[in-house]
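Since the structure comes first, as structure tokens, the remarks are kept for the end.
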Amino acid sequence: LENPGVMEWVEPCIKVINNLKSHKFSWPFVEPVDWQSLGIPDYPFLVPNRMDLSTIESKLLAGQIRSPEAFARGVRLTFDNATTYNPSDDDVHQLARKMRIVFEGHWATFHLEKTRKEREADGWKKKKKATTHMFNRVVAIEDAPAEYYFVLHYVPDLQWCHLAPMRAEGVFPATTKQGLPHPSVGRQCWKLVPEGEGQELDVSAERCRVIKAQAVKKSSDADKENWDLMDDGGDDERDEDEDSKAKSHSKPKEPKEPKEPKEPK
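The working numbering runs 1 ahead of the 1-based position in the sequence shown.
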């Protein structure tokens, strides 16, 4: 917070978050939703990008939120999650709607969020910064309990990742079920640790070192996937555009030999 340019927008954000946290209607939104204690096991599936006021405050103070627009999106996400999950006649849904109005009232007084016209004038539409897409990636975290983690949820604006630990379970066999040579023969097979058996983490994307990984056994259920990890100590920084380019650079089809012209009758 020593940068004067940063202080100009961080201090108002801190005031806003403090006002929200102290509001009498804010109690459901101050801390992360403890869906296990509340007995709502479908919550993490219906609300993949979870957020709360304390997490936003921590990220703000740690310098992990880089613009007032990203701050505002995080706050709105907190209340939008509540209205998405809870039916309209539920108390939490009603409180979220009221807190959203409270936030917008506080936020508008600071004039920190640029309008659409202002963003276009700044050339925001033309600036397509290459970013690493973290969702469904395998990452390593320095000094973390597990060696590797799988990114279950990712919020790009806040650079926030929710990670599930992975563990090695044997090695890949010599042949596939179809009797073909296995491409990962002899290499360690990695899987997600079953829910409840390992510690899941919420971390900044900046702490994540992306590992080059290949899903050998693909499944719609991440817990059933088998992974071959190729960790060379570097960072697999391919973004979505590069991935699509790699797919487009597949082996070209061999040109067909021209047909001999038919003799005129």
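By construction, the Cβ of each residue, glycine as well, lies at the ideal position given by its N, Cα and C atoms.
Give the DSSP-derived three-state secondary structure of R1 in the structure shown.
With the chain covering only 2 through 266, there is no way to say anything about residue 1.
Enumerate in chain order the residues of its own chain whose CB-to-CB distance from A141 is below 8 angstroms, with the five nearest sequence positions on each side excluded.
Correct list, in chain order: E148, Y149, Y150, C209, R210, I212, D232.
Anyone know if the C-beta pair for P195 and D224 falls short of 8 angstroms?
In this structure, D224 lies closer than 8 angstroms to P195 by Cβ.
Specify the secondary structure class of D232 as computed by DSSP and reduced to three states.
Coil at D232, not helix or strand.
Determine the direct distance from the alpha carbon of R188 to that of V48, and round the result to whole angstroms.
Taking the straight line from one Cα to the other gives about 35 angstroms.
Going by beta carbon distance, what residues of the same chain come within less than 8 angstroms of T177, once the five residues before and after it are set aside?
Cβ within range, chain order: H183.
Please report the distance separating the alpha-carbon of W28 from that of K22.
Answer to the nearest angstrom: the Cα atoms are 8 angstroms apart.
Tell me whether the beta-carbon of V11 lies closer than 8 angstroms to the beta-carbon of L61.
Result yes, Cβ atoms of V11 and L61 sit closer than 8 angstroms.
Where do the ends of the alpha helix (DSSP H) carrying A97 lie?
Residues 92-109.
Using only alpha-carbon positions, find the residue among S205, E226, A206 that is nearest to Q215.
Q215 has its Cα closest to that of E226, out of S205, E226, A206.
At what residues does the alpha helix (DSSP H) containing F46 begin and finish?
Start and end: 44-47.
What are the uninterrupted segments assigned as beta strand (DSSP E) that are 3 or more residues long and contained completely in the segment 166-232, given in chain order?
DSSP runs (the beta strand (DSSP E)) wholly in the segment 166-232: 189-193, 202-205, 209-218, 227-231.
State yes or no: is the C-beta of F72 within less than 8 angstroms of the C-beta of A97?
No, the pair does not count as a contact, with Cβ atoms beyond the cut-off.
Suppose you measure from the CA of L54 to the CA of I18; what does that come to, to the nearest Å?
Each residue's Cα considered, the two are about 7 angstroms apart.
Assuming contact is defined by CB atoms lying nearer than 8 angstroms, are V204 and L164 in contact in what I supplied?
Against a cut-off of 8 angstroms, the Cβ pair of L164 and V204 comes out as a contact.
Between which two residues does the alpha helix (DSSP H) containing I57 stretch?
It spans 54-62 - the alpha helix (DSSP H) in which I57 sits, taken as one unbroken run.
Let me check understanding here. Comparing Cα to Cα, which of F136, L113, Q65 lies closest to E9?
Per the Cα distances, L113.
Does the distance from the C-beta atom of C162 to that of A206 stay below 8 angstroms?
Against a cut-off of 8 angstroms, the Cβ pair of A206 and C162 comes out as a contact.
Under the three-state reduction of DSSP, which class applies to A83: helix, strand or coil?
Three-state result, A83: helix.
Distance, Cα to Cα, M282 vs P157?
Here the chain comprises residues numbered 2 to 266, so residue 282 is not present and cannot be evaluated.
Sort out for me which residues DSSP pairs W28 with in a bridge.
Its beta-bridge partners do not exist; DSSP assigns none.
DSSP on I18, reduced to helix/strand/coil?
Correct three-state label for I18: helix.
Please work out which residues of its chain come closer than 7 angstroms, Cβ to Cβ, to K16, disregarding the five sequence neighbours upstream and downstream, and give them in chain order.
Once the five neighbours on either side are set aside, K16 has no close Cβ partner at all.
Below 8 angstroms CB to CB, which residues in the same chain sit around M100 once its five sequence neighbours on both sides are set aside?
L21, H24, F26, S27, F30, F80, listed in sequence order.
Taking just the CA atoms, how far does M52 sit from W146?
The identity of residue 146 in the sequence shown is Pro, whereas the question assumes Trp. Near 23 angstroms, if we compare the C-alpha coordinates of M52 and P146.
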